[in-house]
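These notes are about the structure you will find just below.
Chains as they are written, first to last, in my numbering: chain A, 1111 to 1371; chain B, 2 to 351.
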């Protein structure tokens, strides 16, 4: 299991500061959920980890600086499921999942028998055999999302980043996708960092929540500690009711604010 | 699973073998047809006779053999090299820019190379300058590469994601600029207009073994480099960000592929002139046949591109006998409608 430490990480695009002075320690095997309103810097933070957003500060994976490594080595440590993945037209599900093996194939090499077998196993384990030989253009949103997660699993990286993994899915597929991640996390001891909009789901699946606002890390703790009406009102500008179920689940419901007099 | 992988591999091998046969057939047809020389059916027999351990009486005399070997053969081989290079370069450009409508010509390589060639013709017009190496392919190469770089820089400066439109428009602008400079040079040196004009229209008709030897090294290096990138071109299909999150060095791959494709294109343009649309027709036809994975598209494009240009060169020889219709005219005649067809099918898909 692998830890990830942020030391004063900042992300800037030109004059715009997306993330400022972000420090945190994600423990091995932990599921950290980053929440916050639109534009809070959640995606930028995740993108800076995979090295596709310009950033300063340091990130340490198991104590060693992440960005002094080559892109290939980094990809062996961190798998990334973007918010809007690009699914190339005309590719089959299997070809798509095989892309996840890229970090293990040398520049001019080709996939070995091991890579092919490994992809086959991932497809079986994630119950995707039916999708494997279909053209990905013909798949539904939920099916595509499962393939993107499968590609990340084929990457065999100990850290999994998910950017809004459920935003395009209905409630059933949301649950399915998150259950899948949860199962993989337990089976493989993955460390998971996800950005989420649905606060209730974020609370249910994660071990810890970090709330971001205008690039700053403004709250940190368990669902019960972070998902408070006052906190959410302050940073989201909303009026919500927060319920605590007997089993400890925190449910966040927006309350209707129109004054009916 | 093993069986699926094997079936996939078997399918690829079948396509490669099939297209190699098509290429050999095209070669034989290409060599058999021409305005002068032996009856067409004697040529395949004579070719068989020339193979080791085969003896066939073809009735071809020494003069006829000279026509076959010194006039037709270099032309056919050069057509094969040019067709294969333009096609594989087109497919690679399309992959690296993730845009199915770009080819080296649309991005300005051809105009840049044309400008370079014009400069060589004007400076070196009497041929009295003794260069240690033939400057034509080198200067065309520099012109072509410069033009693509400008297109690329302008395209990415104005379009955040190198979108299809910005890139193609930047290519149009660069092409116009290069053509304008070329026209200016020609106005001031009207004595080379004829030379340059016949160069521009494409000229496989005067091909010699010397031309073949001249382009061969460039073609081999370029094609080899592109073929080595066929798996990575598949990785790039998920976009720059995801590809680099998958550990691919996107900038380096793009740079190497663009340089290699431009090198090959500029070299073949230098000996054959501007033969348009090959880089669009062939890769698209191949994708229709075998799907979109570059692992199979690149080698097939290379082989079928060679066969395509050999065949496309035939109407030019027989349509207007004894005059030649330039090959660039033939490919544009086939290519322009094909281009519109692709636009239409893409529109329907959306």
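Ideal Cβ positions, reconstructed from N, Cα and C, are used throughout, including at glycine.
All of these numbers come straight from a predicted model, not from anything done at the bench.
Segment limits, beta strand (DSSP E) that includes residue i
| i | result |
| --- | --- |
| residue 1141 of chain A | 1141 to 1145 |
| residue 1305 of chain A | 1301 to 1305 |
| residue 1322 of chain A | 1318 to 1323 |
| residue 353 of chain B | Residue 353 of chain B is absent from the model: chain B starts at 2 and stops at 351. |
| residue 1338 of chain A | Here residue 1338 of chain A belongs to no beta strand (DSSP E), and DSSP marks it neither H nor E. |
| residue 1270 of chain A | 1269 to 1273 |
| residue 1188 of chain A | 1188 to 1191 |
| residue 44 of chain B | First-last for residue 44 of chain B: 43 to 51, but that is the alpha helix (DSSP H), not the beta strand (DSSP E). |
| residue 1327 of chain A | 1326 to 1331 |
Backbone CA spacing between residue i and residue j [nearest angstrom]
| i | j | result |
| --- | --- | --- |
| residue 1137 of chain A | residue 1199 of chain A | 38 Å |
| residue 1160 of chain A | residue 1190 of chain A | 7 Å |
| residue 227 of chain B | residue 345 of chain B | 29 Å |
| residue 1177 of chain A | residue 1127 of chain A | 20 Å |
| residue 1134 of chain A | residue 260 of chain B | 43 Å |
| residue 1210 of chain A | residue 176 of chain B | 39 Å |
| residue 1170 of chain A | residue 24 of chain B | 55 Å |
| residue 1183 of chain A | residue 1172 of chain A | 14 Å |
| residue 1193 of chain A | residue 243 of chain B | 11 Å |
| residue 327 of chain B | residue 340 of chain B | 20 Å |
| residue 271 of chain B | residue 191 of chain B | 20 Å |
| residue 1283 of chain A | residue 231 of chain B | 35 Å |
| residue 16 of chain B | residue 301 of chain B | 8 Å |
| residue 1275 of chain A | residue 90 of chain B | 38 Å |
| residue 362 of chain B | residue 107 of chain B | Here chain B covers residues 2 to 351 and nothing more, so residue 362 of chain B does not appear. |
| residue 76 of chain B | residue 1212 of chain A | 42 Å |
| residue 1215 of chain A | residue 1221 of chain A | 6 Å |
| residue 1299 of chain A | residue 152 of chain B | 48 Å |
| residue 1260 of chain A | residue 1203 of chain A | 10 Å |
| residue 1130 of chain A | residue 295 of chain B | 41 Å |
| residue 324 of chain B | residue 318 of chain B | 8 Å |
| residue 138 of chain B | residue 310 of chain B | 20 Å |
| residue 1358 of chain A | residue 1345 of chain A | 24 Å |
Continuous alpha helix (DSSP H) stretch holding residue i: start and end
| i | result |
| --- | --- |
| residue 1255 of chain A | 1251 to 1264 |
| residue 195 of chain B | 194 to 201 |
| residue 1167 of chain A | Where residue 1167 of chain A is concerned, there is no enclosing alpha helix (DSSP H), although the beta strand (DSSP E) it sits in stretches over 1165 to 1171. |
| residue 1298 of chain A | 1281 to 1298 |
| residue 1232 of chain A | 1223 to 1235 |
| residue 1310 of chain A | 1309 to 1315 |
Three-state secondary structure (DSSP) of residue i
| i | result |
| --- | --- |
| residue 1124 of chain A | coil |
| residue 106 of chain B | coil |
| residue 71 of chain B | helix |
| residue 1212 of chain A | helix |
| residue 57 of chain B | coil |
| residue 1347 of chain A | coil |
| residue 98 of chain B | coil |
| residue 2 of chain B | The predicted model places residue 2 of chain B with a pLDDT of 46, which falls under 50 and marks its position as unreliable, so this point remains unresolved. |
| residue 1202 of chain A | strand |
| residue 1356 of chain A | coil |
| residue 1133 of chain A | strand |
| residue 300 of chain B | helix |
| residue 154 of chain B | helix |
| residue 1174 of chain A | strand |
| residue 142 of chain B | helix |
Cβ-heavy atom distance, residue i to the ligand GDP, below 6 Å
| i | result |
| --- | --- |
| residue 34 of chain B | Absence of the ligand GDP from the depicted structure is noted, as is the absence of any ligand whatsoever, leaving it without description. |
C-beta neighbour in chain C for residue i, strict 7 Å
| i | result |
| --- | --- |
| residue 1209 of chain A | Among the chains of the structure shown, chain C does not appear; the protein chains present are A and B. |
- [ ] Flag this pair as touching only if the region 330 to 344 of chain B and the region 270 to 286 of chain B have three or more C-beta atom pairs under 8 Å; answer yes or no.
- [x] yes
TODO: Please confirm if the region 1292 to 1310 of chain A is in contact with the region 1119 to 1133 of chain A, defined as three or more CB-CB distances below 8 Å between the two stretches.
DONE: no
Open item on the list: For the region 240 to 252 of chain B against the region 55 to 64 of chain B, do three or more pairs of beta-carbon atoms, one drawn from each stretch, fall closer than 8 Å, so that the two count as touching?
Closed with: no
- [ ] At 4 residues or longer, and completely inside the region 222 to 270 of chain B: list those alpha helix (DSSP H) runs for me, N to C.
- [x] 231 to 237 and 241 to 246
Open item on the list: Using 8 Å as the cut-off, can you tell me whether the region 1161 to 1169 of chain A makes contact with the region 195 to 205 of chain B, which would need three or more C-beta pairs spanning the two stretches below that distance?
Closed with: no
Open item on the list: With three or more beta-carbon pairs closer than 8 Å as the criterion, would you say the region 1268 to 1278 of chain A touches the region 1300 to 1309 of chain A?
Closed with: yes
Open item on the list: Between the region 76 to 94 of chain B and the region 114 to 121 of chain B, can you find at least three pairs of beta-carbon atoms closer than 8 Å?
Closed with: no
Task: Any alpha helix (DSSP H) of 4 or more consecutive residues that is wholly inside the region 305 to 345 of chain B - done: none
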